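Undergrad: Just dropping this structure here.
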């Protein structure tokens, strides 16, 4: 691990903000690192307001989308709400379909089959729309590159509205409306919405036309917050407001499907991290192991008994997903060793019978072991399909673009992408991808980095300090949980390896004559000698709460320790 200490903000700015907010300089410094420099900016940061959401009609084509949907309702047309099978896609479909159904009955949903149709808009989905007399398809979290598919639908007199957030290609599909803040010709002020966020802006615009206030749409924000967390978009600007209020809904009045998922959870208040690790994997498991329709059914169900039955079914999918993920990760790691590819700049592995639903998770797992851009391939019909994951600071989408002569199609973001290619092109692609990455990646990026916000002493960690720190939430990209470093820590003699297989490290530390703090380092048993020796050491950590037998205390969640 390389530790990088963030630059210290200017002392004058720190003192000025500290004085204005009546907080200690340490808090002011952490805020400035997050781009919060004035009293007004701090107020917006700590008290996100729905009034600061942008006018949805600032998004290009929003007026056309609203007009076409209103015309469809007026004429009694059948509307098909179409979305991808992941969390962002299924929450988007649940959101828009339930909003439309609250006012109009002729609305159905369609999620493509991951294995039969693959990602995004499919010809099969359009044929389904034609066979069932749908004249309008609203595609969410996909469609920005579906140029041929939209043209195919047009030949059948089926109109398309696209709500996407992925990067467009050189050409935009000829749909009635294409809502995508990443369009170069779109002047919408916030570019980092997730697919469900774009869907929410559409219902905000539709609601405005019907005289609804933003408060009337709050009940949909539990879905938006879940998609924001799962899709790893920056939790800044509009996303911060949507996630903040979405979490309030999840914690106070969640939809019936969420209640069914959360029934087993003992936590009183869920954070965005809990949403990412508890709710999102279960929603995702439906599309990964069976079909995304199961997730939409659960998310739109209002009967609690039925929702509990659907949640139990999805729990089974999630268990199956975990087992498949574990087995495939082991096989992939074995393949890297057998092929003597431990020292490459990339990981590209393939086995034809790997479960397509978990290759994305496996790609993430492999980047934890070999920290480098990673692709996991499996057989998908006549072609090979892959999920790509990257390391911080490296744009895997651009790297794939450089290899496009060997690829059938691809799409995605800087850190995650999907692609298909012909089996005969696999080896050429693998070699080309290794070459492109080797020539373009900064070697530093191949060493995992811990970004440290600030160095502090243990005496700085007080209940009041932590109370203010908690208000920095919701955390996520561009507003991560603060990471601290403290030097000259000494074990008090209670340090030991813990856990069923003794892979975790638990220490009790002091710094000089400070209070004692317990630290827990997951999968850090190999650091026991450094932490439990006679010599002082330094630690990089986050601060969180530990609840044990009714007592709540602050603890250090260790990220790394060094001599």
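Residue numbers (my numbering): 966 to 1528.
Beta carbons are placed, not taken as given, at the ideal position from N, Cα and C, and that holds for glycine.
Just so we're clear, the structure is a prediction, and the values are computed from it rather than from any experiment.
1. Give the C-beta separation of residue 1276 and residue 1222 to the nearest angstrom, bearing in mind that I take them to be a contact with Cβ-Cβ under 8 Å.
2. Identify which residue in 1038, 1088, 1049, 1060 has its Cα closest to the Cα of residue 1068.
3. Within 10 angstroms of the Cβ of residue 1210, are there 16 or more other Cβ atoms? Answer buried if so, exposed if not.
4. Are three or more beta carbon pairs between the segment 1015-1026 and the segment 1052-1060 nearer than 8 Å?
5. Alpha carbon to alpha carbon, how far is residue 1387 from residue 1483? Give it in angstroms, no decimals.
6. Return the first residue and the last residue of the beta strand (DSSP E) that residue 1525 is part of.
7. At the level of alpha carbons, what is the spacing between residue 1494 and residue 1503?
8. When you compare each of 1011, 1128, 1149, 1414 to residue 1524 by their alpha carbons, which one comes out closest?
9. Have a look at residue 1266 and residue 1168 and give me their C-alpha separation to the nearest angstrom.
10. May I ask which residues mark the beginning and end of the beta strand (DSSP E) holding residue 1369?
11. How big is the Cα-Cα spacing for residue 996 and residue 977?
12. Based on the DSSP output, what are the partners of residue 1354 in its beta bridges?
13. With which residues is residue 968 paired in a DSSP beta bridge?
14. Please name the residue or residues paired with residue 1124 in a DSSP beta bridge.
15. Ordered along the chain, which non-local residues of its own chain (more than five positions away) have a Cβ less than 8 Å from that of residue 1393?
16. Taking 6 Å as the limit between beta carbons, can you name the residues of its chain near residue 1390, skipping five residues before and five after?
17. Should the segment 1186-1194 be regarded as contacting the segment 1151-1165, the criterion being three or more beta carbon pairs within less than 8 Å?
18. Could you tell me whether the segment 1422-1436 touches the segment 1339-1357, using the rule of 3 or more Cβ pairs below 8 Å?
19. Closest by CA to residue 1134, which one among 1339, 1363, 1335?
20. Count the other CB atoms, across all protein chains shown, that sit within 10 Å of the CB of residue 1247; report buried if there are 16 or more and exposed otherwise.
21. Specify, as a first and last residue, the run of the alpha helix (DSSP H) that residue 1011 falls within.
22. Following a CB-centred definition, is residue 1140 positioned closer than 7 Å to any heavy atom of the ligand NAD?
23. Thinking C-beta only, is residue 1294 closer than 8 Å to residue 1312?
24. Judging by CA-CA distance, which residue of 1131, 1132, 1146, 1127 is the nearest neighbour of residue 1139?
25. On a Cα-Cα basis, can you pick out the residue from 1282, 1244, 1237, 1253 that is closest to residue 1530?
26. Hey, does residue 1356 have any beta-carbon neighbour from chain B nearer than 8 Å?
27. Distance, Cα to Cα, residue 1515 vs residue 1459?
28. Report the rounded CA-to-CA distance for residue 1272 versus residue 1225, giving the unit in angstroms.
29. Going by other Cβ atoms of all chains shown within 10 Å of its Cβ, with 16 needed for buried, is residue 1409 buried or exposed?
30. Since residue 1141 contacts residue 1124 with CB under 8 Å, what's their CB separation in whole angstroms?
31. So residue 1576 and residue 1470 are in contact, right, with Cβ under 8 Å, and what is the actual spacing, rounded?
32. Near residue 1399, what residues of its chain come up, given a Cβ to Cβ distance below 8 Å and the 5 sequence neighbours on each side ignored?
33. Thinking C-beta only, is residue 1086 closer than 8 Å to residue 1114?
34. Where does residue 1034 fall in DSSP's three states?
35. In this structure, does DSSP put residue 1148 in helix, strand or coil?
36. Going by beta-carbon coordinates alone, are residue 998 and residue 971 separated by less than 8 Å?
TA: Taking the geometry as given:
1. Position 311 of the chain shown holds residue 1276. Position 257 of the chain shown holds residue 1222. That belief holds up - the Cβ atoms of residue 1276 and residue 1222 are roughly 7 Å apart, short of 8 Å.
2. Along the chain shown, one-based indexing puts residue 1068 at 103. Nearest C-alpha to residue 1068: 1038.
3. For the purposes of this step, residue 1210 is taken as the residue at position 245 of the chain shown. By the neighbour-count rule (16 or more Cβ atoms within 10 Å), residue 1210 is buried.
4. no
5. To locate residue 1483, count along the chain shown from 1; it is residue 518. To locate residue 1387, count along the chain shown from 1; it is residue 422. Near 53 Å, if we compare the C-alpha coordinates of residue 1387 and residue 1483.
6. Numbered from its first residue, the chain shown carries residue 1525 at position 560. Unbroken beta strand (DSSP E) run through residue 1525: 1516-1527.
7. Reading the chain shown from its first residue, position 529 is the one you call residue 1494. Reading the chain shown from its first residue, position 538 is the one you call residue 1503. Computed Cα separation, rounded: 13 Å.
8. Position 559 of the chain shown, counting from 1, holds the residue named residue 1524. Comparing Cα positions, the closest option is 1414.
9. As a position in the chain shown, residue 1266 is number 301, starting the count at 1. As a position in the chain shown, residue 1168 is number 203, starting the count at 1. Roughly 19 Å separates the two Cα atoms.
10. Position 404 of the chain shown, counted from the first residue, corresponds to residue 1369. No beta strand (DSSP E) holds residue 1369; DSSP gives it neither H nor E.
11. In the chain shown, counting from the first residue as 1, residue 996 sits at position 31. In the chain shown, counting from the first residue as 1, residue 977 sits at position 12. Taking the straight line joining both Cα atoms gives about 14 Å.
12. Walking along the chain shown from the start, residue 1354 turns up at place 389. Partner(s): 1339, 1381.
13. In the chain shown, counting from the first residue as 1, residue 968 sits at position 3. Paired residue(s): 1415.
14. Here the question's residue 1124 lines up with position 159 in the chain shown. Partner(s): 1101.
15. As a working note, residue 1393 is residue 428 in the chain shown. Cβ neighbours of residue 1393 beyond the five flanking positions: 1371.
16. Your numbering for residue 1390 matches position 425 in the chain shown. Contacts found: 1371.
17. yes
18. no
19. Here residue 1134 refers to the residue found at position 169 of the chain shown. Of the listed residues, the one whose Cα sits closest to residue 1134 is 1363.
20. Looking up residue 1247 in the chain shown gives position 282. Buried: at least 16 other Cβ atoms inside 10 Å.
21. Working through the chain shown from its first residue, we reach residue 1011 at position 46. Looking at the DSSP string, the run of the alpha helix (DSSP H) that includes residue 1011 is 1004-1011.
22. With respect to the ligand NAD, the structure offers nothing, as it holds no ligand at all.
23. Translated into positions along the chain shown, residue 1312 becomes position 347. Translated into positions along the chain shown, residue 1294 becomes position 329. Not a contact, by the Cβ cut-off of 8 Å.
24. In the chain shown, residue 1139 corresponds to position 174, counting from 1. Nearest C-alpha to residue 1139: 1127.
25. Since the displayed the chain opens at 966 and closes at 1528, residue 1530 lies outside it and no answer follows.
26. The structure shown contains no chain B; it holds only a single protein chain.
27. Residue mapping note: residue 1515 aligns to position 550 of the chain shown, counting from 1. Residue mapping note: residue 1459 aligns to position 494 of the chain shown, counting from 1. So the two alpha carbons sit approximately 22 Å from each other.
28. Here the question's residue 1272 lines up with position 307 in the chain shown. Here the question's residue 1225 lines up with position 260 in the chain shown. Taking the straight line from one Cα to the other gives about 6 Å.
29. The residue labelled residue 1409 in the question sits at position 444 within the chain shown. It counts as exposed.
30. Numbered from 1 along the chain shown, position 176 holds the residue referred to as residue 1141. Numbered from 1 along the chain shown, position 159 holds the residue referred to as residue 1124. Contact flag correct, Cβ pair sits at about 5 Å.
31. Residue 1576 lies beyond the residue range present for the chain, which begins at 966 and ends at 1528; the question has no answer from this structure.
32. On the chain shown, position 434 is the one that residue 1399 refers to. Excluding residues within five positions, the ones whose Cβ falls inside 8 Å are 1309, 1310, 1311, 1313.
33. Position 149 of the chain shown, counting from 1, holds the residue named residue 1114. Position 121 of the chain shown, counting from 1, holds the residue named residue 1086. Going by C-beta atoms, residue 1114 is nearer than 8 Å to residue 1086.
34. Translated into the one-based positions of the chain shown, residue 1034 becomes position 69. Residue state, collapsed to three classes: helix.
35. Taking the chain shown and counting its residues from 1, the one referred to as residue 1148 is at position 183. Three-state DSSP puts residue 1148 in coil, outside helix and strand.
36. As a position in the chain shown, residue 998 is number 33, starting the count at 1. As a position in the chain shown, residue 971 is number 6, starting the count at 1. Yes, these two residues count as a Cβ contact at 8 Å.
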